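Undergrad:
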Amino acid sequence: MANILIIDDSPTDVRVFTTLLERAGHRVDAVNNAEDGIERVRVTRPDLVIMDVIMPGMNGFQATRTLTRDPETAGVPIVIITTKSMETDRVWGMRQGAKAFITKPVNEKELLACIDELLPKAA
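Per my numbering, residue 1 is the first one in the sequence shown, and the count goes up by one each step.
#1: Measure the CB-CB distance between Lys84 and Ile50 and report whether it falls below 9 Å.
#2: By the three-class DSSP mapping on this structure, what secondary structure does Ala122 have?
#3: Quick one: is Thr82 buried, meaning 16 or more other Cβ sit within 10 Å of its Cβ, or exposed?
#4: In terms of residues, what are the limits of the alpha helix (DSSP H) holding Ala34?
#5: Helix, strand or coil, according to DSSP, for Ile115 in the structure here?
#6: Output the boundary residues of the beta strand (DSSP E) element that contains Val31.
#7: When the Cα atoms are used, what is the spatial distance from Trp92 to Phe61?
#8: Within 10 angstroms of the Cβ of Asp70, are there 16 or more other Cβ atoms? Answer buried if so, exposed if not.
#9: Excluding the 5 residues flanking Val28 on each side, which residues of the same chain have their C-beta closer than 7 Å to its C-beta?
#10: For Ala123, count neighbouring C-beta atoms within 10 Å of its own C-beta (all shown protein chains included) and say buried if the count is 16 or more, exposed if not.
Following this line, the structure appears as structure tokens:
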């Protein structure tokens with residue numbers, strides 16, 4: 001079981017991801033903008049972050065870059081989940097430090113497999 005933070009301004013997407021992740025046994029927290037998300041990561045140190053890209057104010061690419069460049073939060077893996085489906089978006093997201101890039105609509109098995117791969121394995 002992992003602590004996962006969702007940073008997404010869509011209440012519908014947050015509800016869908018929360019249901020899916022809780023059903024898989026994870027604990028979920030959520031915020032609806034990048035600025036609050038960065039602060040929440042710094043305070044709570046989740047095991048993994050699910051990051052939307054298109055949000056008011058700071059976007060998910062900027063937030064991912066901020067978190068992965070900060071030594072205090074760089075170890076928290078970030079999965080970008082977005083409607084932006086161009087290859088250049090995927091490449092840019094990965095260059096910002098994301099560990100994975102998934103386009104919406106999300107395939108449940110793909111997301112859970114991605115999370116399992118990124119989470120540290122219990123010794």
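Where a beta carbon is used, it is the ideal one built from N, C-alpha and C, also for glycine.
Predicted model only: the values in this text are computed from it and were never measured.
TA: Well, looking at it:
#1: Their beta carbons are not under 9 Å apart, which means Lys84 does not touch Ile50 by this criterion.
#2: Here Ala122 scores only 46 on pLDDT, less than 50, and its place in the model should not be relied on; the value that follows carries that caveat. The answer is coil: DSSP assigns Ala122 none of H, G, I, E or B.
#3: buried
#4: Boundaries of the alpha helix (DSSP H) around Ala34: 34-44.
#5: helix
#6: 27-31
#7: 8 Å
#8: exposed
#9: Ile4, Ile6, Thr18, Leu21, Glu22
#10: Unreliable placement is indicated for Ala123, whose pLDDT of 36 sits below 50; the coordinate value is still reported in the next sentence. Ala123 comes out exposed.
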